[in-house]
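Numbering (this note's numbering), first residue to last: 1 to 573.
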Amino acid sequence: MAMRGAHATSLKVRETEPAGKCPVASTAPGFRHFLGTPLASQRFRAFGIDPLQSPEHVANIRGLMHRLSRRMDAEIAWPPHNDASLLRWENPGIPSGYTYLLQFIAHDLVQSAIPLSIAGQLGAGTSNARRTPLRLEGLYGSGPVGSPHLYALDAPNDDRRTKLRLGRMRWKETPHASGCPFRDIARAKAENVTGIDRGIAGQRAALTEALVADPRNDDHAIISQLTAMFALLHNGLVDLIRQREPASGASARFGAAYRRFLCAQDALTSIYHTVIRRDAMRRVLHPAIYAAYSGSNPRLMDQPSAASEWQIPFEFSHGAFRFGHAMVRPEYRINDLSEHDLSNTLEKNSINEPVNMPLDETWIVQWSRFFEINGSRPNFSRRIGTYLSDGLGSDHIFPSFDGTERVGLLYRDLLGATIAGMWSVDALIAEIAARRPEFIALSPLLGDRAWRVGQLREWLSSASAAYGGLTSADIETLSNDPPLPFFILFEAMQPETNGFHLGPLGSIIVAEVIFGALAIARSGEASGSLAELSGKHYPTDVFEGVPGIECMARLAEFTAEIAGLQQAVPAFL
């Protein structure tokens, strides 16, 4: 789409600071800023004040983000689909399994001790512990030697560990069914030093400990089931390699196990990267942006020095990638047996419900309900927009933590973005326009500042009395300087996209970070075809006959095949 009346002032870049002034440092360990650290004049402001330069202003920002989050409580009047069987808010282009694949990816890129919104300021607690992107650290941890609790012993008389540990599910509705298959993540009981026992005496122990490398991968039932599926695929690859690897003597058993583990890890990481590149990103990015970045050698704007340690941009972690929260449905058909609302789903983990662990058959995911497999009709994600499902406003899961007493995930997203010293939307658009003007020309919302401000002002004003009570001053500051995660959602629901995928700005930030991380990974151990990866470890191709896997549906199907789950009960596919 042609740029709509672009003004020179809206595309001005690299404003200079007054003499003697330098940008305030606005990073934390493991984080950086997209396209470089913005100058003070290029950072987000509220009521004309930079929160990094005036920390005492943060209280006013909390109030403003509280009111904006209330305005975003208004549901979106989406246009109808051609298919009358779809609810207006459903997105048939993105089955809901991708919502949780994106969450899994986010955990693989960012791990902080304290959320920035709760910490209230940048500091050591908000550092990012991930130093290598998209390496499945949340699944593998530090490997069998560094994280032995994640791995199962290979045999009764063999202390080698090459398979990821899994746990048996339990039967709830059919207690006399034979066997409890390994379909859950591993969970364990741990004696509490305080003497508190959350179990039911004489009936059921409380499995309070999820044996996963990243505890967030037990945040709820769906993410833990996705983690279990990746573990099942790894274990199946280990079995395949064992069948085809050369025989080794007793003195070489440890080396053989180490080689087998590394080969399976490389293979699964390579499959994971292919799925991200060719499936997940294709679905969520604006088509023109996906076309620009999905090739073998994309032209990246955001390339820090090769000598610097990998870091995640705030504008991605606390800005654009928060869009996944808008995709969350209010309820999920988990399998043929059960449908659960979002609040119940979010509480299903070892921290909240240890006495109800392991997961029972009503929570074991049937993957054709989450990806399109053999013509299945899965749960579809929400269209991407400014409204989040009610379950993400739960006071039990996302309680209030400051004087606003605002509960829910949305307020946390907004607040964290406003105190991170991120680029303002105007300055970020201008910086991108200087580097890739063709991207800005894709959208009138980006190309014409007056149009952008007017559209934001109209939306903010339209329901402010009923939702949030935004003042005229609030509306003016937010329409002229919107918080980045809010703007990414607002952009995605414009008529050009209608919530079916991200708009251009959100797509640019996501594409730059994801494809940049994949480019780093491509130069590492997980690069190449499965045959090439096998050749790094063995003289023959141990993956001969393994099909190409480029989408999540095919990944689930191959997992069922390699793990012997095609006729599983409960159903895997």
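For each residue, glycine too, the CB sits at the ideal point set by N, CA and C. Please read these numbers as outputs of a predicted model, since none were measured by experiment.
In this structure, the alpha-carbon of Gly-93 lies about 30 Å from that of Leu-237. Looking at the DSSP output, Gly-167 sits in a beta bridge with Asp-184.
Restricted to the stretch 210-278, the alpha helix (DSSP H) segments that are unbroken, complete and at least 4 residues in length are 221-244 and 253-275, listed in chain order. Distance check between Arg-277 and each of Tyr-293, His-81 and Leu-445 places Tyr-293 closest, using alpha-carbon atoms only. Residue pairing for His-340: DSSP places it in a beta bridge opposite Tyr-332. Taking C-beta atoms as the reference points, Phe-543 and Leu-530 count as a pair closer than 8 Å.
Approximately 7 Å separates the beta-carbon atoms of Asn-335 and Val-365; this is inside 8 Å, confirming the contact.
CA-to-CA, the gap between Gly-319 and Ile-312 works out to about 11 Å. The DSSP assignment places complete beta strand (DSSP E) segments of no fewer than 3 residues inside the stretch 36-99 at 90-95, in order along the chain.
Residue state for Arg-435 is assigned as helix, using DSSP reduced to three classes. DSSP places Thr-162 in the strand class (E or B) of the three-state scheme.
Put simply, the backbone Cα of Gly-548 is about 31 Å away from that of Arg-322. Inter-residue distance for Asn-352 and Asp-413 is about 23 Å (C-alpha atoms, whole angstroms).
Looking only at Ser-54, Gly-324, Glu-512 and Thr-362, the smallest Cα-Cα distance to Gly-295 is reached by Glu-512. As the crow flies, the alpha-carbon of Ser-112 is around 33 Å from that of Glu-372. Annotation for Phe-316: the continuous alpha helix (DSSP H) segment containing it runs 314-317. Excluding sequence positions up to five before and after Asp-402, its CB lies within less than 7 Å of the CB of Arg-62, all in the same chain and listed in chain order. Rounded to the nearest whole angstrom, the C-alpha separation of Phe-558 and Met-229 is 11 Å.
For Thr-418, the closest C-alpha among the options Ser-317, Trp-78 and Cys-263 is that of Ser-317.
Nearest to Val-569 by alpha-carbon distance, out of Arg-170, Asp-218 and Leu-86, is Arg-170. Residue environment for Gln-103: buried (at least 16 other C-beta atoms within 10 angstroms of its C-beta).
Distance between Gln-243 and Leu-150, taken at the CA atoms: about 23 Å.
Distance from the Cα of Gly-143 is smallest, within the candidate group Arg-457, Met-301 and Gln-265, for Gln-265. Cβ neighbours of Thr-274 within its own chain (closer than 6 Å, five residues either side excluded): Glu-550. By the Cβ test, the stretch 77-95 is not in contact with the stretch 431-447, since fewer than three Cβ pairs between them sit closer than 8 Å. Burial is judged here by how many other beta carbons sit within 10 angstroms of a residue's own beta carbon; Pro-483 has at least 16 and is buried.
For Phe-500, the CB contacts under 7 Å within the same chain, skipping 5 residues up- and downstream, are Asn-91, Gly-93 and Arg-383 in chain order.
Using a Cβ distance threshold of 8 Å, Arg-130 and Val-110 count as a contacting pair. Within 10 angstroms of the beta-carbon of Gln-42 lie 16 or more other beta-carbons, which makes it buried. The DSSP-derived three-state label of Arg-283 is helix. Judged by DSSP in its simplified three-state form, Ala-463 adopts coil rather than helix or strand. Listed as beta-bridge partners of Ser-443 by DSSP are no residues whatsoever.
For Leu-533, the uninterrupted alpha helix (DSSP H) run begins and ends at 530-535, by DSSP. Assigned with DSSP and collapsed to three states, Phe-380 falls in strand.
As computed with DSSP, Leu-153 is found in a beta bridge with Arg-161.
Taking C-beta atoms under 8 Å as the contact rule, Asn-192 and Gly-138 fail to qualify, at a distance of about 26 Å.
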